[in-house]
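Take a look at the structure set out below.
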Amino acid sequence: MAHYSNRKGLALAQYISRNRQERAKALKAQGRRILGYICPLVPPELITASQAVPYCIVGEPMEPIAKADLYMETNLCPWVRNCFDQALKGCYQWLDGVIMAHSCDAVQRLYGLWCYYCKPAYYHFVNVPHSITPATRRFYREELVMLRESLERLVNAQISDERLSQAVVLHNKLKSEVKEFYSLRKQTLPLVSGTEMAYLLTAICSIPVEEALSLVQDAREEVVTRGGTGNLSGKRGRVLVYGSIIDSPSLIELIEQAGVNVVIDDTCMGSRNFWNEVAHTNDPIDGLVATYFDQFRCPRLIKGTDPKRFDYLIDMAREFRADGIIFHCMRFCDPNMFEFPDVRDKLSAAGIPVLYLEYDYTTGSIARLKTRIQAFAEQISQQY
Amino acid sequence: MQKTVSEFSKAIKSTEAAKSVNQLIKEWYGRAHLAKSRGRKVAWVMVGVPTELLVAFDIDAVWPENYGTACAARQMATHFISIAEEEGYPLDICSYARNGLGYACRCRELDTIPPEAPHGGLAEPDMLLGANFLCDVRLKWFQALATRFLGTPIHFLEIDAPPYGIDMNDQRIKEHYVSLYLRSLKELVSFLEKETGKKLDEAKLSQALMNTQKIFQLLSKICDLRKAVPSPMPSEDEFACMILKEFMFGEKIAVDFYERLYEEVKDRVSNGIGVIADEKYRLLWIGLPPWFNMGLFNYLERLGAVSVMETTYYIGDPVEIDCSKPLEALAERTWLKAVEIHRCGAEVVPENAVVQGGLGSVPLGLVSRFIEEYKINGVILHTTASCRAISFGQRHASYELTRLGVPCLLLESDMADPRAWSDIHIKAQVDAFIKVLSDRVAAGRSR
Numbered sequence: 005m006a007h008y009s010n011r012k013g014l015a016l017a018q019y020i021s022r023n024r025q026e027r028a029k030a031l032k033a034q035g036r037r038i039l040g041y042i043c044p045l046v047p048p049e050l051i052t053a054s055q056a057v058p059y060c061i062v063g064e065p066m067e068p069i070a071k072a073d074l075y076m077e078t079n080l081c082p083w084v085r086n087c088f089d090q091a092l093k094g095c096y097q098w099l100d101g102v103i104m105a106h107s108c109d110a111v112q113r114l115y116g117l118w119c120y121y122c123k124p125a126y127y128h129f130v131n132v133p134h135s136i137t138p139a140t141r142r143f144y145r146e147e148l149v150m151l152r153e154s155l156e157r158l159v160n161a162q163i164s165d166e167r168l169s170q171a172v173v174l175h176n177k178l179k180s181e182v183k184e185f186y187s188l189r190k191q192t193l194p195l196v197s198g199t200e201m202a203y204l205l206t207a208i209c210s211i212p213v214e215e216a217l218s219l220v221q222d223a224r225e226e227v228v229t230r231g232g233t234g235n236l237s238g239k240r241g242r243v244l245v246y247g248s249i250i251d252s253p254s255l256i257e258l259i260e261q262a263g264v265n266v267v268i269d270d271t272c273m274g275s276r277n278f279w280n281e282v283a284h285t286n287d288p289i290d291g292l293v294a295t296y297f298d299q300f301r302c303p304r305l306i307k308g309t310d311p312k313r314f315d316y317l318i319d320m321a322r323e324f325r326a327d328g329i330i331f332h333c334m335r336f337c338d339p340n341m342f343e344f345p346d347v348r349d350k351l352s353a354a355g356i357p358v359l360y361l362e363y364d365y366t367t368g369s370i371a372r373l374k375t376r377i378q379a380f381a382e383q384i385s386q387q388y
Numbered sequence: 047m048q049k050t051v052s053e054f055s056k057a058i059k060s061t062e063a064a065k066s067v068n069q070l071i072k073e074w075y076g077r078a079h080l081a082k083s084r085g086r087k088v089a090w091v092m093v094g095v096p097t098e099l100l101v102a103f104d105i106d107a108v109w110p111e112n113y114g115t116a117c118a119a120r121q122m123a124t125h126f127i128s129i130a131e132e133e134g135y136p137l138d139i140c141s142y143a144r145n146g147l148g149y150a151c152r153c154r155e156l157d158t159i160p161p162e163a164p165h166g167g168l169a170e171p172d173m174l175l176g177a178n179f180l181c182d183v184r185l186k187w188f189q190a191l192a193t194r195f196l197g198t199p200i201h202f203l204e205i206d207a208p209p210y211g212i213d214m215n216d217q218r219i220k221e222h223y224v225s226l227y228l229r230s231l232k233e234l235v236s237f238l239e240k241e242t243g244k245k246l247d248e249a250k251l252s253q254a255l256m257n258t259q260k261i262f263q264l265l266s267k268i269c270d271l272r273k274a275v276p277s278p279m280p281s282e283d284e285f286a287c288m289i290l291k292e293f294m295f296g297e298k299i300a301v302d303f304y305e306r307l308y309e310e311v312k313d314r315v316s317n318g319i320g321v322i323a324d325e326k327y328r329l330l331w332i333g334l335p336p337w338f339n340m341g342l343f344n345y346l347e348r349l350g351a352v353s354v355m356e357t358t359y360y361i362g363d364p365v366e367i368d369c370s371k372p373l374e375a376l377a378e379r380t381w382l383k384a385v386e387i388h389r390c391g392a393e394v395v396p397e398n399a400v401v402q403g404g405l406g407s408v409p410l411g412l413v414s415r416f417i418e419e420y421k422i423n424g425v426i427l428h429t430t431a432s433c434r435a436i437s438f439g440q441r442h443a444s445y446e447l448t449r450l451g452v453p454c455l456l457l458e459s460d461m462a463d464p465r466a467w468s469d470i471h472i473k474a475q476v477d478a479f480i481k482v483l484s485d486r487v488a489a490g491r492s493r
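Each protein sequence line maps, in turn, to chains A and B. If you're matching positions, the first sequence starts at 5 in the working numbering and goes up one per residue. If you're matching positions, the second sequence starts at 47 in the working numbering and goes up one per residue.
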């Protein structure tokens, strides 16, 4: 990483996040294969084990949608539309392939359109059932086996159990480091802001796992050494951000500008990706199934009908001493929209206020969101 | 005299069979209430759960999704939808679901069936049977019902669809999906045996499947007859009859109905009886209809345009299955439908394939075939704001069809929420579209 020699830790994370494709393209120029993926239900461990670099596909909220509306309805997840628009503009043409999971209706359908119009060199879809039963677990397991075989054909090499286990170990190290990094925000004066965390999270899913690990370790050392910083003090109120994908620091930044600290998140590019390490199993595929199907927290996975399934949120809020929860719902996000009344009531009963924040992934909605966030920040700051 | 769109009117239908469905619907909802009063098991069910299984278990089913249609047709959907929105359900959620959740809210508030509920409301369920046919909503909706309102035993059937680009001739892929369908069906059967206290009656299931095979054949023949000029049976009639296809597969009543409908349509073709006297333009309808304003189809007819065919609820070609092994046959049928969807060009929506749900979205290959076979002059694609699952693919289809020179009209409203309807805009778009068709026909072009 000689190119980045003048940057390290949080500064490097911010640089990578703002220039996400740069490192991946440099690696491609050196002969590495870069595979774009959508959704952690495509376990990145499998991509790493194939010697390719897993590159998480994101949108660009600062760019208005230009081409996607020709082929895709506008009453659809704006994040999906934006990603598709990026693809149509050629922003992802350099990828060696794309792998998507059946994370929701929108992504399932995005896959077909992406393949039809963008014609990636390699493409694969991981189908994921919604409910968790012996039949569906078996099905998802076979889906991962087929993904593995597909990757083997792509790279023309076997992905042995040993190699896959090594990838699991590496990614587990990253999960552990990131979780440890999260814990630095439990303190009364968090050692790292939500914005800084967001930069780190968006950076590490665009570079190889070894580089990501190094980045997180450097960042951790930096924040522990620097202690509390001015921009974190003086904020009254701590929030947990829950819900739809957050693939850019701008939303977190907006929340923190309102005068609160974002101390923890429960989102798919955030803590959900890092909270549970993959167990070592004789067949490493079984460990991946357990983590990414049985244990993965996402409203698209049907985890029963007991309201206790939201207890973990209360525990998380208490662990990080969050005063309130911002329920971030991307517009048209069905899995999250349906959850809102139950999450709201469950958390309110536990004395934790909830703000429903609908985001349409455009800069035009920022002013409206700002007002609501400020009002919520005032509400939860009153106890200070 | 200036023609106007009737705001929120029911459709005037052409066939006697379609006209008789209203009474059938009343009896159908009443059947579940009667069953409940007699201590029989009642289930709230999602499309995707094979109706034949319910017949085999003697379970009376209620379909909250259809209730959204019924409430919309009776101008009651806004009432329940508003209640759901006050409860906290965002207004972008499927309007069928908002109607159903609002209904459940109202039941909770009154601790009984609301007096204003059409058809006497929904018989209280002993169980909920969900399925992931076509969309996430079907699962999340039932999960919300069970979590928040009902606390009833619930089971979800998984019928995931093979994605775009997969090799449907690959035996391993077939085994992978058929195994899921079969295992998932067996899990459902175990649940039903536990909840009903009865074992699956395989003979009854086989008979129900054979009934469905008959319906399949009849529907196929009716679809063929509908290719006639003038059109003997328009889309509004087909939509009116939808409940038999969606919710009564396997039942003798559906076989009898479709035999009657087939004879009637055959007779109309033989005698050259069309929907309107002067059929100028033949349209293909794509998407759910606006159930609160089916009079739109009559408005089109007053302009000389008949919607002669539709892709929504089209169940495709009959399939060969071995009904003597009924569970295997159900799994095989689901697979064969998935194969058909892929063959039809489902690049956008390789949806979960079930028979009664039909090909709800826009398989481009099928659309192209219909345009030729039904002598279509133009295509109307109705984008329903709150049903993203069915709408997705319409822009893509419209783009591709327009490239091929087929006139397309993209209308935007909703299937159950009338607040999404703008009379003046829809009318202006329809009038302009008919003008386009008129100019083309006058120029000697079929499209």
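Positions of the beta carbon are idealized from the N, C-alpha and C atoms, including for glycine.
According to the DSSP assignment, B/Ser252 belongs to no beta strand (DSSP E) but to the alpha helix (DSSP H) extending over Glu248 to Leu271.
The distance from the Cβ of B/Pro110 to that of B/Gly146 is about 4 Å, consistent with a contact at the 8 Å cut-off.
Rounded to whole angstroms, the separation of the alpha carbons of B/Ile436 and B/Arg449 is 22 Å. Secondary structure at A/Pro44: coil, using DSSP grouped into helix, strand and coil. Contact between the region 39-50 of chain A and the region 101-111 of chain A is established, with three or more Cβ pairs separated by less than 8 Å. Spanning the alpha carbons of B/Leu185 and A/Arg230 requires a straight line of approximately 48 Å. Spanning the alpha carbons of B/Ile127 and A/Pro58 requires a straight line of approximately 43 Å.
Going by DSSP, B/Ala107 is part of the beta strand (DSSP E) stretching over Asp106 to Val108. Taking 7 Å as the Cβ-Cβ cut-off, the region 281-312 of chain A approaches chain B at Arg304, Ile306, Thr309 and Pro311, given in chain order. Rounded to whole angstroms, the gap between the alpha carbons of B/Arg194 and A/Pro194 is 36 Å. Judged by DSSP secondary structure, A/Arg85 falls outside any beta strand (DSSP E) and instead within the alpha helix (DSSP H) spanning Pro82 to Leu92. Residue nearest to A/Leu258 within the set A/Ala381, A/His284, A/Glu323 and A/Gln170 is A/Ala381 (criterion: CA-CA distance). For B/Gln217, no CB of chain A lies under 8 Å from its own CB, so it is not counted at the interface with that chain. Taking each of A/Ile211, A/Ser180, A/Leu359 and A/Glu226 in turn and checking the Cα distance to A/Arg276, the smallest one comes out for A/Ser180. At a beta-carbon threshold of 7 Å, the residues of chain B lying near A/Thr137 are Glu233, ordered along the chain. With contact defined as three or more Cβ pairs closer than 8 Å, the region 269-283 of chain B and the region 308-317 of chain B are in contact. At the C-beta level, B/Leu447 and B/Gln475 stay beyond 8 Å of one another. For B/Phe438, the neighbours in chain A by C-beta distance under 7 Å run, in chain order, Glu77, Leu80 and Arg113. Between the region 200-211 of chain B and the region 360-374 of chain B there are fewer than three C-beta pairs closer than 8 Å, too few to call the two in contact.
A/Glu146 belongs to the set of residues whose beta carbon lies under 8 Å from a beta carbon in chain B. In terms of beta-carbon proximity, A/Tyr186 stays away from the interface with chain B, with every pair separated by 8 Å or more. In the same chain as B/Gly411, and ignoring 5 residues on each side of it, the C-beta atoms closer than 6 Å to its own belong to Cys390 and Gly391, in chain order. Closer than 8 Å to the CB of A/Cys87 there is not a single CB belonging to chain B.
Using beta-carbon distances, A/Tyr127 counts as an interface residue toward chain B, with a partner under 8 Å. Judged by their CB atoms, B/Ala57 and B/Asn344 are nearer to each other than the 8 Å cut-off.
Under a criterion of Cβ atoms nearer than 8 Å, the residues of chain B adjacent to A/His134 are, in order, Asn178, Asp182, Leu185, Phe202 and Glu204. Annotated as distal: B/Leu226 and B/Asp213, with beta-carbon spacing of 8 Å or more. About 4 Å separates the beta carbons of B/Val101 and B/Ala254, which is inside the 8 Å limit, making them a contact pair. In chain order, Tyr75, Met76 and Phe88 place their CB closer than 8 Å to the CB of A/Leu117, counting only its own chain and leaving out the 5 sequence neighbours on each side. Counting other Cβ atoms within 10 Å of its Cβ, A/Gly274 reaches 16 or more and is therefore classed as buried. DSSP places B/Thr448 in the uninterrupted alpha helix (DSSP H) bounded by Gln440 to Arg449.
Around the CB of B/Asn339, 16 or more other CB atoms lie within 10 Å, so the residue is classed as buried. When the Cα atoms are used, B/Ser316 and B/Val67 turn out to be separated by approximately 24 Å. By the Cβ rule, the region 177-191 of chain B counts as touching the region 135-144 of chain B, because three or more pairs are nearer than 8 Å. Setting aside the 5 residues that flank it on each side, B/His428 is surrounded in the same chain by Gly333 and Leu457, each with a C-beta closer than 6 Å to its C-beta; the list follows chain order. Contact check for A/Val282 and A/Thr271: beta-carbon distance about 20 Å, past the 8 Å limit, so the pair fails to qualify.
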